[in-house]
Amino acid sequence: MPISDDERDAFASAGWLFVRPSESMSRSVEEDEVPEGATSVGKVYRRSDDRVVVGTDRLTVQLQSDLSQDEAEAALEEEGLTIVRRLGFGPNLYEVRAPADRNQFDVSVDLQENDDFVFAEPELIEHVPQRYQPSDPNYSQQWQWHNDGSGGGTAGADVEAEPAWDHERGSGVRVSVIDNGFDLNHPDLNPAVGGGAAYFENTSSGAELVVGTSNYPDSSHGTFCAGMALARADNGQGGCGGAHVAEFMPVAALPDQVGSQTTLARAVAFAADPTTESKGSRPV
Numbered sequence: 001m002p003i004s005d006d007e008r009d010a011f012a013s014a015g016w017l018f019v020r021p022s023e024s025m026s027r028s029v030e031e032d033e034v035p036e037g038a039t040s041v042g043k044v045y046r047r048s049d050d051r052v053v054v055g056t057d058r059l060t061v062q063l064q065s066d067l068s069q070d071e072a073e074a075a076l077e078e079e080g081l082t083i084v085r086r087l088g089f090g091p092n093l094y095e096v097r098a099p100a101d102r103n104q105f106d107v108s109v110d111l112q113e114n115d116d117f118v119f120a121e122p123e124l125i126e127h128v129p130q131r132y133q134p135s136d137p138n139y140s141q142q143w144q145w146h147n148d149g150s151g152g153g154t155a156g157a158d159v160e161a162e163p164a165w166d167h168e169r170g171s172g173v174r175v176s177v178i179d180n181g182f183d184l185n186h187p188d189l190n191p192a193v194g195g196g197a198a199y200f201e202n203t204s205s206g207a208e209l210v211v212g213t214s215n216y217p218d219s220s221h222g223t224f225c226a227g228m229a230l231a232r233a234d235n236g237q238g239g240c241g242g243a244h245v246a247e248f249m250p251v252a253a254l255p256d257q258v259g260s261q262t263t264l265a266r267a268v269a270f271a272a273d274p275t276t277e278s279k280g281s282r283p284v
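Below you can see the structure in the form of structure tokens.
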């Protein structure tokens, strides 16, 4: 199964290696055993767009909203599912682990036929690449905020930020940016960082949310995106962001660009309501 260079490099950076399994390794996968020297193992699948994903033993499931929490969790237990965590951004929404002797796709199909379940989606590890960003040497000097017609642009074809700044620059507003990571020591961003900073750390049991800035993952892409919104003004450093006095709440997810859609959803949920994790009211 050929794999694109960008996918192979991203997975390798995240600690995943693609190998043609030996007989003993194939047996380990079938028996849900982890070979010596590895922390996890998964089957590789190809999507319809030719991107590859790695299977896990987990699913994201939602049960009917008219079930109580006790009833929902009893239904999960009846199906032999182990709760990994309750997800706080939907009613009766859970991340669960499939029985050790069953394939996650087979479990998903069976659960779809159970009237107690709204959906059951296999959780897959995938490469989530950054969006396209031009590499032209003068890209950082392009107009965006105030277009005076230089550089081949059309004068006035901009977001009219300068007139808006006469009225509002983001005071009292908290802006959360979700990306692979951020340089929180950047002089244009560091003064903006407020409470609620968090990142997802890859562990042997999956992605775990860490609240704080210690050992925070760095990314030039995230730093650039945050700067577009929040870079401080009038400090003699580079340019400025659209909301250059707003508070910055960074949330880093998939620092190596490899992970699951569930982790991204948890990042959005935490950014929308940071108290869900720090105060324990609703799990993310």
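With the UniProt record's numbering, letter number 244 in the sequence shown gets 244, and the count goes up by one each step, no holes. A virtual CB, placed ideally from N, CA and C, is assigned to each residue, including glycine.
Quick check: the Cα distance between residue i and residue j, rounded to an integer number of angstroms?
i	j	result
GLY152	ALA161	20 Å
ALA74	ASN114	14 Å
GLU31	ASP101	7 Å
PHE270	GLY181	15 Å
ASP9	GLN130	14 Å
For the beta strand (DSSP E) containing residue i, list its first residue and its last residue.
i	result
PHE89	Looking at the DSSP string, PHE89 is not in any beta strand (DSSP E), and its letter there is neither H nor E.
THR263	Counting along the chain, THR263 falls outside any beta strand (DSSP E), though it belongs to the alpha helix (DSSP H) covering 261-272.
VAL54	52-63
GLU126	117-127
VAL44	44-46
PRO217	First-last for PRO217: undefined, no H or E at that position.
ALA161	No beta strand (DSSP E) holds ALA161; the alpha helix (DSSP H) holding it covers 161-165.
DSSP state of residue i, grouped into three classes?
i	result
GLY206	strand
TYR139	Only weak support is given to the placement of TYR139: the predicted model assigns it a pLDDT of 39, under 50, and the value that follows is read from those uncertain coordinates. The answer is helix: DSSP assigns TYR139 an H, G or I state.
LEU230	helix
SER171	coil
ASN18	It is worth fixing the name first, because residue 18 is Phe in this sequence and not Asn. PHE18 falls in the coil class under three-state DSSP.
ARG8	helix
PHE182	coil
residue 298	Because the chain here runs from 1 to 284, residue 298 falls outside it and cannot be looked at.
PRO255	coil
VAL177	strand
GLU33	coil
Give me, in chain order, the residues of the same chain whose beta-carbon lies closer than 7 Å to that of residue i; leave out the 5 immediate sequence neighbours on both sides.
i	result
residue 308	Residue coverage of the chain in this structure runs from 1 to 284, which leaves residue 308 outside it and unanswerable.
LEU63	ALA72, ALA75, ASN92, ASP116, PHE117 and VAL118
Tell me which same chain residues have a C-beta within less than 6 Å of the C-beta of residue i, skipping the five on either side of it?
i	result
GLY149	ALA155
ALA267	ILE178, VAL251 and ALA253
PRO99	GLY80
GLY222	ASP179, ASN180, GLY181 and PHE182
So the alpha helix (DSSP H) residue i belongs to, where does it begin and stop?
i	result
PRO99	Premise fails: PRO99 is in no alpha helix (DSSP H) and is neither H nor E.
LEU189	Looking at the DSSP string, LEU189 is not in any alpha helix (DSSP H), and its letter there is neither H nor E.
GLU71	69-78
Whose C-beta lies closer than 8 Å to the C-beta of residue i among residues of the same chain, with five residues either side of it excluded?
i	result
GLY90	GLN62
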